[in-house]
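Here the structure is laid out as structure tokens; the discussion comes afterwards.
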Amino acid sequence: MSQKKQIKKALISVFNKENLDKIVKTLDELNVEIFSTGGTQKYIEEQGCSVSRVEDLTSYPSILGGRVKTLHPKVFGGILSRRDLDSDVAQLDEYQIPEIDLVIVDLYPFEDTVASGASHEAIIEKIDIGGISLIRAAAKNYKDVLIVSSKDQYSDLLQVLTEQEGNTTVEERKQFATAAFNVSSHYDTQIFTYFNGDNDGVLKTSILDSTVLRYGENPHQKGIFYGNLSELFDKLHGKELSYNNLLDVDAAVSLMQEFKNEGPTFAILKHNNACGIATRPTVKEAYLAALAGDPVSAFGGILITNTPIDMASAEEINKLFCEVVIAPSFEAEALELLKSKKNRILLIQKDIDFPKTQIRTLLNGVLYQEKDSITDKKEDFQKATTLTPSETQLTDLEFASKISKHTKSNTVVLTKNKQLLASGTGQTSRVDALNQAIHKAKSFNFDLKDAVMASDAFFPFPDCVEIAGKEGINAVVQPGGSIKDQLSIDYCNDNSIAMVFTGTRHFKH
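Residue numbers (the numbering used here): 3 to 511.
Written as structure tokens, this is what we have:
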């Protein structure tokens with residue numbers, strides 16, 4: 003450990019004064035001279051602590067409505083001076099500039115102001131100038147200065163002040179400086195994003211929160227989640243979410259968003275795809291119907307519902323080994339029962355606004371796109387065949403189309419009575435996807451007569467409707483748009499199959 007450096011003089015200028023009282027009182031007890039201005043100065047005086055006005059140091063008042071307070075050589079000289087450089091020390095003496103060893107500063111809440119819907123003028127006034135300059139100056143000169151750029155660091159600072167009597171090491175100062183540059187870069191990214199608007203020429207993103215995972219997709223890979231999961235979930239029980247858990251949870255949440263305002267719906271997912279999903283009058287019935295779709299794949303799966311989980315459904319769920327259960331809430335008895343498996347992760351999903359864009363690393367760059375926000379609705383279906391689907395068929399077609407949107411391409415989805423019978427997932431041909439779905443449905447003893455079929459993309463040939471028709475499937479939903487659509491339409495017309503087009507492809511890779 004390197005030689006420690008004593009804090010003798012500090013500059014404090016913060017917008018958020020929460021929990022600052024312990025810091026200033028400790029500095030006062032250590033006989034640290036404190037410089038401050040404006041509201042922070044008044045706050046320090048209210049704590050009964052000695053404080054010197056920045057205006058007295060600079061011989062300039064705060065001007066331009068507070069836009070210029072600390073931007074002065076007597077402030078920045080004291081921060082940026084190199085203590086081991088004789089010429090710097092001589093200039094400090096010549097111009098009577100005090101060495102500042104500690105800077106505590108935060109930034110105007112620009113991000114929160116934008117999120118509040120404030121006017122452009124109000125947002126502009128929340129672009130911090132003095133604060134960001136102080137942070138960068140103090141962080142640059144970490145060899146001599148300790149920078150505290152967030153109230154989240156107050157506990158760490160207090161530990162340094164109390165346990166080390168105001169002495170800091172260069173390693174500690176560098177650690178604080180690193181955090182400071184993280185704060186300043188994030189702040190600048192938010193300002194750029196606001197000014198840039200919808201322009202697509204440059205991509206900048208910044209996320210302050212992170213969680214180190216046990217490992218990545220495989221044990222030999224490092225994994226980190228960047229983001230704040232507590233904004234979306236209240237975790238009630240279980241082990242930490244893994245990288246693969248998070249991928250499945252993301253797929254589950256995205257799928258269930260399609261059924262947010264529907265009746266009780268339950269889905270079971272494995273490797274990002276639904277292996278079971280159903281809508282029923284009760285959550286218990288929905289779960290049992292979803293489980294029946296593929297009770298084999300359900301083992302170790304991710305469970306999600308749009309309805310509070312009661313004791314009746316919990317008793318059934320508890321019979322299954324599953325990694326994660328997600329619901330809007332759990333009845334008290336149901337929660338206690340599901341907690342009986344110590345590693346089972348139980349999450350309450352909050353109602354939040356999700357990002358409208360997606361970013362994916364690729365080759366030597368990233369891909370950026372808008373999320374697929376279109377949900378196919380039966381009222382928007384375009385009738386393609388002579389035969390019109392019945393209301394029951396339309397309901398099932400809409401149900402199937404929602405599932406296919408969230409299933410890996412190429413996919414074909416088979417449903418009946420608002421229950422997933424089977425899906426072909428991630429196949430290199432649509433015929434393979436259909437054959438996989440048919441084989442799987444039959445292996446679990448489903449009767450395909452009067453089932454419906456959904457495809458994430460158009461049929462380039464009539465082979466899929468031919469195969470489906472021979473299995474008793476009598477209604478089809480697909481995007482349409484193939485130059486050979488008429489071949490599929492003709493087969494459906496000749497074989498009493500109703501088909502509708504959505505006009506929207508839903509590839510998912």
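Glycine included, each C-beta is placed from N, C-alpha and C at the ideal position.
For residue j and residue i, the rounded distance between their alpha carbons
i, j, result
"residue 41", "residue 405", "56 Å"
"residue 337", "residue 326", "13 Å"
"residue 438", "residue 482", "22 Å"
"residue 133", "residue 70", "10 Å"
"residue 381", "residue 504", "10 Å"
"residue 130", "residue 188", "13 Å"
"residue 373", "residue 342", "38 Å"
"residue 293", "residue 270", "7 Å"
"residue 237", "residue 353", "15 Å"
"residue 3", "residue 135", "Because the pLDDT at residue 3 is just 47, under 50, the model does not fix this residue reliably, and the value given afterwards should be weighed accordingly. Residue 3 and residue 135: Cα-Cα distance of roughly 30 Å."
"residue 512", "residue 306", "Since the first residue of the chain shown is 3 and the last is 511, residue 512 is not available in this structure."
"residue 497", "residue 436", "18 Å"
"residue 29", "residue 239", "42 Å"
"residue 90", "residue 140", "16 Å"
"residue 246", "residue 57", "56 Å"
"residue 514", "residue 248", "In the structure as shown, the chain begins at 3 and stops at 511. Residue 514 is therefore absent and cannot be evaluated."
"residue 433", "residue 360", "30 Å"
"residue 32", "residue 171", "17 Å"
"residue 441", "residue 368", "38 Å"
"residue 446", "residue 295", "7 Å"
Secondary structure of residue i, DSSP reduced to three states
i, result
"residue 189", "helix"
"residue 405", "helix"
"residue 62", "coil"
"residue 275", "strand"
"residue 228", "strand"
"residue 395", "helix"
"residue 502", "strand"
"residue 413", "coil"
"residue 421", "strand"
"residue 362", "strand"
"residue 206", "coil"
"residue 55", "strand"
"residue 437", "helix"
"residue 385", "strand"
"residue 180", "helix"
"residue 35", "strand"
"residue 428", "coil"
"residue 72", "coil"
"residue 213", "strand"
"residue 9", "coil"
"residue 329", "strand"
"residue 150", "strand"
Reference residue i; option with closest CA among the options
i, options, result
"residue 487", "461, 381, 510", "461"
"residue 21", "95, 92, 158, 103", "158"
"residue 495", "13, 476, 348", "476"
"residue 208", "124, 380, 200, 183", "183"
"residue 544", "403, 368, 374, 369", "Outside the displayed span of the chain (3 to 511) sits residue 544, for which this structure offers no information."
"residue 177", "144, 186, 345, 106", "144"
"residue 153", "111, 408, 172", "111"
"residue 467", "500, 447, 442, 485", "500"
"residue 218", "211, 227, 210, 489", "227"
"residue 192", "215, 214, 114", "114"
"residue 216", "332, 47, 241", "241"
"residue 418", "125, 392, 511", "392"
"residue 290", "268, 214, 55, 401", "268"
"residue 108", "128, 150, 94", "150"
"residue 48", "244, 446, 198, 26", "26"
"residue 387", "479, 147, 52", "479"
Residues sharing a beta bridge with residue i, DSSP
i, result
"residue 258", "Looking at the DSSP assignment, residue 258 forms no beta bridge with any residue, so it has no partner."
"residue 237", "349"
"residue 478", "455, 501"
"residue 317", "The partner list for residue 317 (beta bridge, DSSP) is empty, contrary to what the question assumes."
"residue 15", "107"
"residue 159", "Bridge partners of residue 159: none, in fact."
"residue 307", "268"
"residue 324", "303"
"residue 370", "361"
"residue 172", "Answer is none; residue 172 lacks a bridge partner."
"residue 125", "Beta-bridge pairing links residue 125 to no other residue."
"residue 281", "267"
C-beta neighbour in chain C for residue i, strict 8 Å
i, result
"residue 368", "Any reference to chain C falls outside this structure, which holds one protein chain only."
- Message: For the stretch 449 to 467 against the stretch 412 to 419, do three or more pairs of beta-carbon atoms, one drawn from each stretch, fall closer than 8 Å, so that the two count as touching?
- Response: yes
- Task: Would you check if the stretch 266 to 285 and the stretch 300 to 312 touch, i.e. whether three or more CB-CB distances between them fall below 8 Å?
- Result: yes
- Query: Taking contact to mean at least 3 C-beta pairs separated by less than 8 Å, is the stretch 155 to 168 in contact with the stretch 4 to 21?
  - Reply: yes
- Message: Would the stretch 417 to 424 count as touching the stretch 267 to 280 if we require 3 or more Cβ pairs under 8 Å?
- Response: yes
- Would you call the stretch 69 to 86 and the stretch 98 to 105 touching, i.e. three or more CB-CB distances under 8 Å? yes
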